[in-house]
Amino acid sequence: MTSSFHTKADIDLASEVQQLLFPKGSPHCNWCCIGTKNRMARGLGGDYFDFIALPDGCLVVFLGDVTGHGLQASVVMALLYGFIHRGTAENCNPREMASRVNEFLFSFARRSRRLDHFFSTTLFYGVIDPDTLEMRYINNGQGNPLVRRGHKIVSLEATGQPLGYFDQPEIAMARFQFQHGDRFLLYTDGLVEAFNPKGQAFGLPGLKRLLRHDHRGHGEFLEALFQSLVSFGAPDPPQDDCTAITIDFKRPAV
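All residue numbers for the sequence shown refer to full-length UniProt numbering, where the first residue is 1 and numbers rise by one.
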């Protein structure tokens with residue numbers, strides 16, 4: 001009984017610490033508005049994300065999902081979160097960041113024999129220039145980020161495989177040109193892979209449909225997105241960690 005109590009207490013404390021890592025607000029930007037919403041499957045999870053304002057005015061946004069759930073995934077997540085922050089201060093080149101994260105996971109696995117298995121992570125890491133609205137990014141297995149432009153939905157493809165599987169994976173960097181009025185949506189697979197009792201997945205079509213037709217502010221949109229999962233019949237709390245990020249590119253003042 002005492003052992004179970006302490007185990008639960010430790011997990012509760014770890015969950016509180018993990019929540020402290022997540023941004024409670026967003027960097028002050030006069031050119032965009034940022035919204036986030038996150039729900040963990042078991043109090044502890046492997047999703048991680050943040051925004052970093054660089055000295056030159058550029059904005060870094062990253063989102064990743066460590067394999068697994070629970071305490072082990074949350075520990076690796078916290079390590080990656082800190083590693084990416086430190087790495088960004090030294091070099092925010094997306095391709096270099098992906099390479100360093102992959103090397104970190106391999107090194108970590110070699111030194112951590114007590115872990116049940118090797119860990120891998122998906123990772124989206126983008127750097128947005130506020131003057132040009134161009135984004136340089138890598139997308140290693142982090143689904144298909146979406147951009148709403150008017151009533152059109154643009155899908156950003158993956159640029160590589162999840163990190164941690166191979167010693168020297170192919171890593172490519174891509175560029176995307178945003179426009180004023182765009183809404184950029186990043187998400188983890190817990191959203192699109194949420195199943196209802198009939199075995200149907202919410203899926204990418206459901207996500208695109210909501211993004212195309214819901215033009216409310218990011219707070220209301222994200223609430224509607226997570227409520228749509230419940231209405232669809234997905235478990236509440238979810239079976240997998242769910243994270244969504246929106247970046248709205250403001251229109252110039254007239």
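Note that CB positions come from ideal geometry on N, CA and C, so glycine has one too. On a predicted model such as this, the values are computed, not experimentally measured, just so you know.
When the Cα atoms are used, what is the spatial distance from residue i to residue j?
i           : j       : result
Gly-203     : Gln-179 : 26 Å
Thr-67      : Tyr-81  : 14 Å
Asp-248     : Gly-87  : 26 Å
Glu-90      : Ala-172 : 20 Å
Val-192     : Ala-41  : 14 Å
residue 292 : His-215 : For residue 292 there is no data in the structure shown, the boundaries of the chain being 1 and 254.
Val-154     : Thr-243 : 20 Å
Gly-70      : Arg-39  : 13 Å
Arg-175     : Gly-233 : 37 Å
Leu-13      : Gln-72  : 14 Å
Gly-181     : Ala-253 : 12 Å
Gly-199     : Leu-21  : 34 Å
Pro-238     : Phe-195 : 9 Å
Gly-160     : Gln-227 : 31 Å
Mapping the DSSP letters down to three states, classify residue i as helix, strand or coil.
i       : result
Asn-196 : coil
Asp-189 : helix
Phe-22  : coil
Leu-59  : strand
Ser-3   : For Ser-3, the pLDDT reaches just 44, beneath the cut-off of 50, and the residue's location in the model is therefore unreliable, leaving the point undetermined.
Thr-88  : helix
Gly-126 : strand
Gly-82  : helix
Arg-251 : coil
Asn-38  : strand
Considering only residues of the same chain and omitting the five flanking positions on each side of residue i, which have a CB-CB separation below 6 Å?
i      : result
Val-61 : Phe-51, Gly-126
Asn-31 : It should be pointed out that residue 31 corresponds to Trp in this sequence rather than to Asn. Cβ within range, chain order: Pro-130, Lys-250.
Spatial neighbours of residue i within its chain, please: C-beta separation below 7 Å, excluding the five flanking residues on both sides.
i       : result
Thr-122 : Gly-64, Asp-65, Asn-140, Gly-141, Gln-142, Pro-162
Asp-167 : Phe-106
Arg-212 : Arg-148, His-151, Ile-153
Leu-54  : Val-60, Cys-92
Arg-102 : For clarity, residue 102 is Asn in the given sequence; the question names Arg instead. Here the set comprises Leu-163, Gly-164, Pro-169.
Gln-177 : Leu-133, Glu-134
I'd like to check one pair, residue j with residue i: are the Cβ atoms closer than 7 Å?
i       : j       : result
Thr-188 : Asp-47  : yes
Leu-105 : Gly-57  : no
Lys-37  : Leu-222 : yes
Leu-225 : Leu-210 : yes
Arg-148 : Arg-183 : yes
His-151 : Gly-35  : no
Gly-190 : Asp-240 : yes
Phe-119 : Val-75  : no
Ser-26  : Leu-44  : no
Leu-133 : Pro-145 : no
Pro-94  : Ile-128 : no
Residues in its own chain within less than 8 Å of residue i by CB, not counting five upstream and five downstream?
i       : result
Val-17  : Ala-78
Ala-201 : Val-192, Glu-193, Ala-194, Phe-195
Val-230 : Asp-236
Does the CB of residue i have a neighbour CB from chain C at under 7 Å?
i       : result
Gln-179 : The chain inventory of the structure shown lacks chain C, comprising one protein chain alone.
What are the start and end residues of each continuous beta strand (DSSP E) run of 3 or more residues lying completely inside the segment 135–179, in chain order? Listed in chain order, they are 146–149, 152–155, 174–177.
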